[in-house]
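K.L.:
Just so you know, the sequences run in chain order U and X. At position 27 of the first sequence (counting the first as 1) the number is 27 in this note's numbering, and the numbers step up by one without a gap. At position 165 of the second sequence (counting the first as 1) the number is 462 in this note's numbering, and the numbers step up by one without a gap. Here a beta-carbon is modelled for each residue, glycine too, at the ideal position from N, C-alpha and C.
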Amino acid sequence: MFRGLRYTIRESFVSLFRSKVMTVASVFSITAMLLILGLFFLLTVNVNMATEGVKNQFDTIEVFLLDETTEEDAAIISKSLTSMDQVADVQFISKDQAMAEFRQRFGSNAYLLDGLTTNPLPNSLRVKLSDIQDGELVAEICRNFSGIEDVRYYQSEISKILDVTDVLQKGALIIIAFLIIVSVVVVSNTIKLTVMSREAEIRIMKNVGATNWFIRGPLLLQGILIGCISALIALGVTFFVYREFVATYGSQVAALMTMEMVSPEFMLINLAWIFAALGASIGAFGSIISMRKFLKA
Amino acid sequence: MYGNHVGLKDVTLSIDKGEFVFIVGPSGSGKSTFIKLISRELKADEGHIYVGDKDVVRMSNREIPDLRRSIGMVFQNFRLLPNKTVYENVAFAMEVVRSPRRTIKRQVPQILSVMGISDKAKNFPHELSMGEQQRVAIARAVINGPQVLIADEPTGNLDPETAWEIMKLLDLINRRGTTVVMVTHAIDIVNRMNKRAVTIEAGRITGDSKGGLA
Ligand SMILES: Nc1ncnc2c1ncn2[C@@H]1O[C@H](COP(=O)(O)OP(=O)(O)OP(=O)(O)O)[C@@H](O)[C@H]1O
Ligand SMILES: [Mg+2]
Numbered sequence: 001m002f003r004g005l006r007y008t009i010r011e012s013f014v015s016l017f018r019s020k021v022m023t024v025a026s027v028f029s030i031t032a033m034l035l036i037l038g039l040f041f042l043l044t045v046n047v048n049m050a051t052e053g054v055k056n057q058f059d060t061i062e063v064f065l066l067d068e069t070t071e072e073d074a075a076i077i078s079k080s081l082t083s084m085d086q087v088a089d090v091q092f093i094s095k096d097q098a099m100a101e102f103r104q105r106f107g108s109n110a111y112l113l114d115g116l117t118t119n120p121l122p123n124s125l126r127v128k129l130s131d132i133q134d135g136e137l138v139a140e141i142c143r144n145f146s147g148i149e150d151v152r153y154y155q156s157e158i159s160k161i162l163d164v165t166d167v168l169q170k171g172a173l174i175i176i177a178f179l180i181i182v183s184v185v186v187v188s189n190t191i192k193l194t195v196m197s198r199e200a201e202i203r204i205m206k207n208v209g210a211t212n213w214f215i216r217g218p219l220l221l222q223g224i225l226i227g228c229i230s231a232l233i234a235l236g237v238t239f240f241v242y243r244e245f246v247a248t249y250g251s252q253v254a255a256l257m258t259m260e261m262v263s264p265e266f267m268l269i270n271l272a273w274i275f276a277a278l279g280a281s282i283g284a285f286g287s288i289i290s291m292r293k294f295l296k297a
Numbered sequence: 298m299y300g301n302h303v304g305l306k307d308v309t310l311s312i313d314k315g316e317f318v319f320i321v322g323p324s325g326s327g328k329s330t331f332i333k334l335i336s337r338e339l340k341a342d343e344g345h346i347y348v349g350d351k352d353v354v355r356m357s358n359r360e361i362p363d364l365r366r367s368i369g370m371v372f373q374n375f376r377l378l379p380n381k382t383v384y385e386n387v388a389f390a391m392e393v394v395r396s397p398r399r400t401i402k403r404q405v406p407q408i409l410s411v412m413g414i415s416d417k418a419k420n421f422p423h424e425l426s427m428g429e430q431q432r433v434a435i436a437r438a439v440i441n442g443p444q445v446l447i448a449d450e451p452t453g454n455l456d457p458e459t460a461w462e463i464m465k466l467l468d469l470i471n472r473r474g475t476t477v478v479m480v481t482h483a484i485d486i487v488n489r490m491n492k493r494a495v496t497i498e499a500g501r502i503t504g505d506s507k508g509g510l511a
């Protein structure tokens, strides 16, 4: 077993170096695929995080109550809302509380409110949603209670954001799937070239009674090595470029998206796994495909 | 069967352990086909072929490596690996069957010495004469101790003198107990060796005589 392993490892490295041009070519193409993939990954992760942030800000429906609605009536509405699965929490905000928050938001300009003799703000219920998707439904239910002055929910803004992220995610998925297929084809062609350049050798191996796995082993490992080398290069490039980007534009993006960008270190760990797994399996899969026909007889 | 073309038909032949047999016949008569059937490079459409007690025709693909380990193969064009030295070419056959490194280090120099090419161990095939290359190929074919040595026109590229040197080696291998089956066009070699000769013509056996060709 170990003898076979030693042979396999040695042969795969030898053939990696012997076919330098082909190795470089396929490392180059897989690296390119992984880089594009990495770009999409960084984009989607950041957009997802930003969306989560936006969702958290918009997961609240404000239900303003008429002045004649008593606290008891409000408690009944609150109770029936709380009993719904779609609602996480309902909070009663009294006029006075609302004013206090209002003052706080005005900060140093709060003295402007001192002139008010009566509190113009209504009592309200703050309804927290379990899932932002149900927002419109819950808002509609709120509107149907009696004793309600107004229901405020930023439905259209939220659904627009959700639509955009949805398209982005689906688009990224399609492009990534396409890139994976392209990479597999590229690797399989490289290994096929190796197989062809070693046809005489493989024929002799068969003549002296090599098992198919003995012949496959080094080629399989060669494919995996190509994938891993590519993964390493792509990881390094992606990490340093992303770190530079965050360092340079991070604060601007954060201001725009109301969310910090995902940290380069977090990305490094996740991309390392993704690239390694993807690179290695693209390499392995590519070499298996290229050998399938060749090792039939 | 190559498409509609029948390569060999109604061939019944028995070769005993330890025999030395020539296969002769005109070009295209099916001699190489016969050899490919034995080593399962081709699968016979009908019939039985036994190597030892194993039926090659009904053998599963997984059994083929074992079959080939029991057969040593030598070809007209040597089929050496150009980027490996003589030593490495022979050692390669042992690595393929996963022999321990110690065994390889001991046995390869031994067989090179039997073949008379010890001093060429570090040379590459292109640095060798044709006769020397064929010696390397024979060394590789017998290094794993096969039951049968099959040679398809092993002297086809060699001048008569070198060819005769090779024949002496094959005879030596045969006398050490290995069955030898050799395809050849060289009638003079067949008669000089004075061994059994089977004639194939147009895919059928048309002659089988002891002591060379009648
Ligand atoms: N791969 C193939 N496809 C189709 N026909 C083939 C194939 N290989 C051999 N043949 C045919 O089968 C017949 C026997 O061929 P084979 O190679 O066995 O002849 P041979 O006796 O070895 O000839 P030679 O002495 O020239 O080597 C020939 O008619 C040949 O054309
Ligand atoms: Mg032939």
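Could you tell me how far apart the beta carbons of Gly322/X and Thr496/X are, in whole angstroms, since I believe they sit closer than 8 angstroms?
P.N.:
5 angstroms
K.L.:
Roughly how many whole angstroms lie between the Cα atoms of Gly442/X and Ile215/U?
P.N.:
21 angstroms
K.L.:
Where does Gly135/U land, buried or exposed, given buried means 16+ other C-beta within 10 angstroms?
P.N.:
buried
K.L.:
Give me, in chain order, the residues of the same chain whose beta-carbon lies closer than 7 angstroms to that of Ala272/U; leave out the 5 immediate sequence neighbours on both sides.
P.N.:
Leu235
K.L.:
Okay, do the region 240 to 251 of chain U and the region 398 to 414 of chain X touch, 3+ Cβ pairs below 8 angstroms being the bar?
P.N.:
no
K.L.:
For the candidate residues Met49/U, Thr211/U, Leu225/U, whose alpha-carbon lies nearest to that of Thr165/U?
P.N.:
Met49/U
K.L.:
Count the other CB atoms within 10 Å of the CB of Phe266/U; is the residue buried (16 or more) or exposed (fewer)?
P.N.:
exposed
K.L.:
Below 8 angstroms, how does it come out for the region 62 to 81 of chain U and the region 104 to 118 of chain U: are there three or more Cβ pairs, yes or no?
P.N.:
no
K.L.:
In terms of residues, what are the limits of the alpha helix (DSSP H) holding Ala98/U?
P.N.:
95 to 106
K.L.:
Starting from the beta carbon of Ala388/X, find every residue of chain U whose beta carbon is closer than 7 angstroms, and list them in chain order.
P.N.:
Correct list: empty, because the minimum Cβ distance to chain U is about 11 angstroms.
K.L.:
Under the DSSP definition of a beta bridge, which residues are partnered with Gln91/U?
P.N.:
Arg126/U
K.L.:
For a contact meaning CB atoms closer than 7 angstroms, what does Glu392/X contact in chain U?
P.N.:
Tyr7
K.L.:
Going by DSSP, which residues form a beta bridge with Gly227/U?
P.N.:
Paired residues: none, contrary to the question.
K.L.:
If you follow the beta strand (DSSP E) that Leu446/X is part of, which residue opens it and which one closes it?
P.N.:
Segment 445 to 449, the beta strand (DSSP E) holding Leu446/X.
K.L.:
Say the cut is 7 angstroms; is the CB of Ser329/X nearer than that to a heavy atom of ligand 2?
P.N.:
yes
K.L.:
Let me make sure I understand the geometry here. Which of Asn454/X, Lys465/X, Ile335/X has the alpha-carbon closest to that of Ser311/X?
P.N.:
Ile335/X
K.L.:
Give the secondary structure of Lys465/X by DSSP, where H, G and I count as helix, E and B as strand, and everything else as coil.
P.N.:
The three-state reading of DSSP puts Lys465/X in helix, counting H, G and I together.
K.L.:
DSSP state of Gly171/U, grouped into three classes?
P.N.:
helix
K.L.:
Listed from N- to C-terminal order along the chain, which residues in the region 358 to 371 of chain X have their beta-carbon within a distance smaller than 9 angstroms of any beta-carbon of chain U?
P.N.:
Asn358, Arg359, Ile361, Pro362, Asp363, Leu364, Arg365, Arg366, Ser367, Ile368, Gly369, Met370
K.L.:
Cβ of Asp505/X within 7 angstroms of any heavy atom in ligand 2?
P.N.:
In this structure, Asp505/X has its beta carbon at no less than 7 angstroms from each heavy atom of ligand 2.
K.L.:
Along chain U, in chain order, which residues have C-beta atoms closer than 8 angstroms to that of Asn441/X?
P.N.:
Val208, Gly209
K.L.:
Output the distance between the C-alpha atoms of Glu52/U and Met33/U, rounded to the nearest integer angstrom.
P.N.:
28 angstroms
K.L.:
For Glu199/U, which of helix, strand or coil comes out of DSSP?
P.N.:
DSSP places Glu199/U within a helical segment (H, G or I) once states are collapsed to three.
K.L.:
Any heavy atom of ligand 1 closer than 7 angstroms to the CB of Ser326/X?
P.N.:
yes
K.L.:
What is the rounded straight-line gap between the Cα of Phe285/U and the Cα of Val184/U?
P.N.:
7 angstroms
K.L.:
In whole angstroms, give me the CA-to-CA distance for Glu71/U and Lys79/U.
P.N.:
The alpha-carbon atoms of Glu71/U and Lys79/U are separated by roughly 12 angstroms.
K.L.:
Could you check if Gly322/X belongs to the surroundings of ligand 1, using beta carbon to heavy atom distance under 7 angstroms?
P.N.:
yes
K.L.:
Contact between the region 346 to 364 of chain X and the region 420 to 432 of chain X is defined here as three or more beta-carbon pairs at a separation below 8 angstroms; is this criterion met?
P.N.:
no
K.L.:
In chain order, what residues of the region 467 to 493 of chain X put their CB closer than 9 angstroms to some CB of chain U?
P.N.:
none
K.L.:
Mapping DSSP to helix, strand and coil, what is Arg376/X?
P.N.:
Reduced to three states, the DSSP call for Arg376/X is coil.
K.L.:
Which chain U residues sit within Cβ distance under 9 angstroms of Arg376/X?
P.N.:
Within chain U, the residues near Arg376/X are Ala200, Arg203, Ile204, Asn207.
K.L.:
Since Phe285/U meets chain X, which of its residues come closer than 7 angstroms, beta carbon to beta carbon?
P.N.:
Within 7 angstroms Cβ-Cβ: nothing; Phe285/U doesn't reach chain X, min ~23 angstroms.
K.L.:
Return the chain-ordered list of same chain residues with a C-beta closer than 7 angstroms to the C-beta of Thr302/U, the five sequence neighbours on each side being excluded.
P.N.:
This structure cannot settle anything about residue 302/U, because the visible part of chain U is limited to 1 through 297.
K.L.:
Among the candidates Arg376/X, Gly453/X, Asp363/X, Val394/X, whose CA atom is the shortest distance from the CA of Val433/X?
P.N.:
Shortest Cα-Cα distance from Val433/X to any of Arg376/X, Gly453/X, Asp363/X, Val394/X involves Arg376/X.
K.L.:
Which same chain residues, not among the five before or five after Asn491/X, have their C-beta less than 6 angstroms away from its C-beta?
P.N.:
Gly508, Gly509
K.L.:
Looking at C-beta atoms only, is the number of pairs between the region 450 to 470 of chain X and the region 367 to 386 of chain X that lie closer than 8 angstroms three or more?
P.N.:
yes
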